[in-house]
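Residue numbers (the working numbering): 297 to 525.
Structure, as structure tokens:
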Amino acid sequence: MSVKIKIPASAILTAKDGMLVLENGNRCSRCDRTPAAYFETHRLKYQVGLRKKSIYSKKFDISRRYQLKIAICEICQQSDFLAQPDLLDRDGSELGRIVQFHALTRMLGGLLAALGFLLLTPFIPEGGILQPLKQIWQIPVAVGVIVLLLTWMSQRKYHQRVLADFEQKHPGFIAPHRGQVCTIVLEDEKDPSLTALELTLENEAWAKEAASINQWDCATTTEPVPDTK
Ligand SMILES: [Zn+2]
Numbered sequence: 297m298s299v300k301i302k303i304p305a306s307a308i309l310t311a312k313d314g315m316l317v318l319e320n321g322n323r324c325s326r327c328d329r330t331p332a333a334y335f336e337t338h339r340l341k342y343q344v345g346l347r348k349k350s351i352y353s354k355k356f357d358i359s360r361r362y363q364l365k366i367a368i369c370e371i372c373q374q375s376d377f378l379a380q381p382d383l384l385d386r387d388g389s390e391l392g393r394i395v396q397f398h399a400l401t402r403m404l405g406g407l408l409a410a411l412g413f414l415l416l417t418p419f420i421p422e423g424g425i426l427q428p429l430k431q432i433w434q435i436p437v438a439v440g441v442i443v444l445l446l447t448w449m450s451q452r453k454y455h456q457r458v459l460a461d462f463e464q465k466h467p468g469f470i471a472p473h474r475g476q477v478c479t480i481v482l483e484d485e486k487d488p489s490l491t492a493l494e495l496t497l498e499n500e501a502w503a504k505e506a507a508s509i510n511q512w513d514c515a516t517t518t519e520p521v522p523d524t525k
């Protein structure tokens with residue numbers, strides 16, 4: 297059993313700095329441990345007025361990015377780092393900074409390698425202004441591949457270090473699921489009390505209390521929270 301919280305558009309529209317934060321007395325939203333000093337982050341879009349729908353694109357009258365941040369404890373954050381690091385909240389925590397650094401170096405390595413291969417293609421014509429660069433296309437490719445390789449090695453090193461520490465301190469820990477979100481596209485903004493986001497959490501008591509604190513509707517559901525790991 298889990299609980300589905302119905303978050304109204306008004307809560308999203310009034311969220312400070314585009315961040316909708318869900319907390320409940322410093323308890324972890326997954327395992328109830330305290331303190332819950334970290335966050336599970338969902339990067340979402342508030343969308344109103346679907347105008348055009350095709351296989352390739354959807355257009356809306358209003359489309360605005362925001363983040364839903366749900367309080368979690370350090371153990372759940374470490375568990376996320378091990379299972380799905382790319383989804384980790386990049387909020388300045390040590391693990392968040394490591395993930396951010398790896399994302400940056402991976403992007404740089406990929407861009408350099410892509411630039412090298414682009415120089416090799418006919419898109420950069422022979423004898424053009426970029427001819428000197430075209431002749432050294434191997435350099436950005438090689439540097440890019442080295443950066444990607446170093447990033448991969450660094451990721452493995454941090455993963456193994458955190459995993460060894462985690463298994464020693466929390467043997468047999470079964471990680472609870474992340475919350476499951478479902479964005480609802482509104483027809484218009486006439487009624488901000490309409491549900492714009494549904495959030496399903498496994499921790500029933502925590503979810504009901506959090507909904508009550510915010511005066512949002514919620515209901516117990518038998519739908520399992522999908523395993524995103
Ligand atoms: Zn936890």
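For every residue, glycine included, the Cβ atom is placed at its ideal position computed from N, Cα and C.
Cβ-based burial, residue i [other Cβ within 10 Å; buried from 16]
i      : result
Val443 : buried
Arg323 : buried
Ala332 : buried
Thr496 : buried
Phe377 : buried
Phe419 : exposed
Ala409 : buried
Ile394 : buried
Leu459 : exposed
Glu498 : buried
Leu416 : exposed
Ala515 : exposed
Asp385 : buried
Leu391 : buried
Near ligand 1: residue i beta-carbon under 8 Å from a heavy atom
i      : result
Ile394 : no
Pro332 : At residue 332 the sequence reads Ala, which differs from the Pro that was named. Answer for Ala332: yes, Cβ within range of ligand 1.
Ile371 : yes
Arg329 : yes
Arg474 : no
Leu368 : According to the sequence as given, residue 368 is Ile; it is not Leu. Checking the Cβ of Ile368 against ligand 1 gives yes.
Cys324 : yes
Residue range of the unbroken beta strand (DSSP E) whose run includes residue i
i      : result
Ser359 : 354 to 368
Gln511 : No beta strand (DSSP E) holds Gln511; DSSP gives it neither H nor E.
Ala492 : 491 to 497
Val477 : 476 to 479
Gln316 : The identity of residue 316 in the sequence shown is Leu, whereas the question assumes Gln. From DSSP, the beta strand (DSSP E) with Leu316 extends over 315 to 318.
Residue span of the alpha helix (DSSP H) that contains residue i, given as start and end
i      : result
Met297 : Note, Met297: premise wrong, no alpha helix (DSSP H); not H, not E.
Thr401 : 390 to 416
Gln380 : Gln380 -> no alpha helix (DSSP H), and no H or E assigned at all.
Leu446 : 434 to 465
Leu309 : 305 to 309
Gln427 : 427 to 430
Whole-angstrom C-beta distance between residue j and residue i, which should lie under 8 Å
i      : j      : result
Glu500 : Met297 : 6 Å
Gly345 : Phe356 : 6 Å
Ile470 : Asn320 : In fact, because the Cβ distance is near 22 Å, the residues do not count as touching under 8 Å.
Cys372 : Arg326 : 5 Å
Thr447 : His398 : 6 Å
Checklist entry - Can we say the segment 364 to 374 touches the segment 464 to 478, given the rule of at least three CB pairs closer than 8 Å? => result yes
Next on the checklist: Measuring CB atoms only, is the segment 350 to 360 touching the segment 395 to 403, in the sense that at least three cross pairs come out at less than 8 Å?
Outcome noted: no
Item to check | Given 8 Å, three or more beta-carbon pairs between the segment 484 to 491 and the segment 303 to 315 | outcome: yes
Checklist entry - At a cut of 8 Å, does the segment 381 to 394 reach the segment 425 to 432 through at least three beta carbon pairs? => result No, they do not touch.
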